[in-house]
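Participant: All you need for the numbering used here is the position in the sequence shown, starting with 1, plus 85. From the three backbone atoms N, C-alpha and C, an ideal C-beta is built for every residue, glycine too. Here the structure is a predicted model, which is why all the values come from computation and not from measurement. Pasting a structure below so you can have a look.
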Amino acid sequence: MVSLADMYMISGLHKLAEARFNRAVRQTSNPRRLLDSVSAFYALEADSCKTFRKTIILWLRWLAARTSDADDVTSQLEDVMAKVPEFAIDFAMSVYHEPVLGHCSACGDDKIVPVEPLQCRCQRCRKGGASTLVNKFNSKQRNGWV
């Protein structure tokens with residue numbers, strides 16, 4: 086769908102593909118499934134695929150923070166990085182530029198946003214009170230949500 090949108094310059098089709106992709110990624114609770122799709126997205130050469138790539142990386146980081154099988158995910162992540170070097174660079178740059186991810190009530194709790202580590206301030210809207218992924222996950226575990 087993305088290739089067709091780029092080929093015929095149909096912005097509505099691209100937005101539809103992006104919305105469906107975001108919904109599908111949010112419904113994925115298994116980081117291995119996302120890792121399996123990385124090579125397919127990096128095989129697409131369109132500039133508009135960068136949005137999809139960034140979404141995959143953010144959700145992989147989000148899921149990796151919550152997985153109970155970290156060793157298996159780490160080994161599969163290493164395999165994908167060896168096969169798709171551009172993904173390895175994008176993943177490293179994501180961690181470098183946005184080392185702490187979290188949620189911001191002002192931006193919407195359903196969105197992953199970069200968070201300043203010391204003040205837990207959202208880097209998108211610059212408001213305080215953001216929570217990091219690790220803190221939010223640990224509090225849910227303590228409250229019996231997970």
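Can the beta-carbon of V110 be found less than 8 Å from the beta-carbon of L119?
Facilitator: In the sequence shown, counting from the first residue as 1, residue 110 sits at position 25. In the sequence shown, counting from the first residue as 1, residue 119 sits at position 34. Yes.
Participant: Which residue marks the beginning of the beta strand (DSSP E) containing E201, and which one marks its end?
Facilitator: As a working mapping, residue 201 is identified with position 116 in the sequence shown. Residues 193-201.
Participant: I need the straight-line Cα distance from W144 to N115, nearest angstrom please.
Facilitator: Taking the sequence shown and counting its residues from 1, the one referred to as residue 144 is at position 59. Taking the sequence shown and counting its residues from 1, the one referred to as residue 115 is at position 30. Their Cα atoms are separated by approximately 10 Å.
Participant: Expressed to the nearest angstrom, what Euclidean distance is found between the alpha-carbon atoms of C205 and D154?
Facilitator: Stepping through the sequence shown from its first residue, residue 205 is reached at position 120. Stepping through the sequence shown from its first residue, residue 154 is reached at position 69. If I take the Cα positions, the gap works out to 27 Å.
Participant: Return the first residue and the last residue of the alpha helix (DSSP H) that L186 is part of.
Facilitator: If you number the sequence shown from 1, residue 186 lands on position 101. Element bounds for L186: not the alpha helix (DSSP H) but the beta strand (DSSP E), 186-189.
Participant: Would you identify the three-state DSSP class for R118, choosing helix, strand or coil?
Facilitator: What you label residue 118 is simply residue 33 of the sequence shown in a count that begins at 1. R118 falls in the helix class under three-state DSSP.
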